[in-house]
Amino acid sequence: MANRSENRRVRKRMHGFTLVELLVVLAILTLLVGLVGPRVLGQLGGAKSKTAAVQIADLSKALELFKLDVGRFPSNQEGLEALVSRPATANGWNGPYLKGGAVPLDPWGNKYRYANPAPSGGIEVLSLGADGAPGGEGENADIRGQL
Numbered sequence: 102m103a104n105r106s107e108n109r110r111v112r113k114r115m116h117g118f119t120l121v122e123l124l125v126v127l128a129i130l131t132l133l134v135g136l137v138g139p140r141v142l143g144q145l146g147g148a149k150s151k152t153a154a155v156q157i158a159d160l161s162k163a164l165e166l167f168k169l170d171v172g173r174f175p176s177n178q179e180g181l182e183a184l185v186s187r188p189a190t191a192n193g194w195n196g197p198y199l200k201g202g203a204v205p206l207d208p209w210g211n212k213y214r215y216a217n218p219a220p221s222g223g224i225e226v227l228s229l230g231a232d233g234a235p236g237g238e239g240e241n242a243d244i245r246g247q248l
């Protein structure tokens, strides 16, 4: 008799969670993901925009070094590639001016745009943001650097 009651206690301890308990846990996890997820994704987008701004600043510094050596900024035809490979008409070129031997892509995988002269005057390095289209707001906003 003592063995039977002992066996019942052991069997009760070995049972898993009930369906109701699992559904409650699943509902709580769903609520947490729904509340926290958008905030985390928003921070990720902001980080990409900040990364693009830092990369544009680095490209601007490299363009300044190019100008010090060559006496001018790269033409539109030469573009940012002039920072990693010597253009035919760039006497005094002392590059490459970027580490890694290549012009980086923006955080969304698109090429940075270069304009000499820019529509607003001067030199401009530009990322079109997450959507890859001019204009936009938030993560889709254009990120510009001017020289």
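Per this note's numbering, the sequence shown starts with residue 102, numbered consecutively.
Even glycine gets a Cβ: it sits at the ideal position worked out from N, Cα and C.
Beta-carbon proximity of residue i to residue j, cut-off 8 Å
i	j	result
LEU181	TYR213	yes
ASN211	LEU229	yes
ASP207	GLN156	yes
VAL204	SER161	no
LEU133	ILE224	no
ALA153	ILE244	yes
Where residue i falls: helix, strand or coil (DSSP)
i	result
LEU63	As displayed, the chain neither begins before 102 nor continues past 248, which places residue 63 out of reach and without an answer.
ALA216	strand
LEU227	strand
GLU238	coil
GLY135	helix
Whole-number beta carbon distance between residue j and residue i, since they are thought to touch under 8 Å
i	j	result
GLU238	SER150	That belief does not hold up - the Cβ atoms of GLU238 and SER150 are roughly 11 Å apart, past 8 Å.
TRP209	ALA234	Not a contact, Cβ separation roughly 11 Å.
GLY193	VAL171	5 Å
Own chain partners of residue i with C-beta closer than 6 Å, once the 5 adjacent residues on each side are dropped
i	result
LEU199	ALA163, LEU184 and VAL185
Own chain residues within Cβ distance below 7 Å of residue i, not counting five before or after
i	result
ALA219	GLU225 and GLN247
ASN195	ASP170
SER176	ASN217
Within-8 Å CB hit, residue i to chain D
i	result
GLY233	The question asks about chain D, but that chain is absent: this structure has only one protein chain.
Chain-order list of residues whose beta-carbon lies under 8 Å from that of residue i (same chain, five-residue window excluded)
i	result
PHE174	LEU164, PHE167, LYS168, ASN217, ILE224 and LEU248
Exercise. Report the residue ranges of all beta strand (DSSP E) runs contained in full by the stretch 143 to 205; include only those spanning at least 3 residues, in chain order.
Key: DSSP runs (the beta strand (DSSP E)) wholly in the stretch 143 to 205: none.
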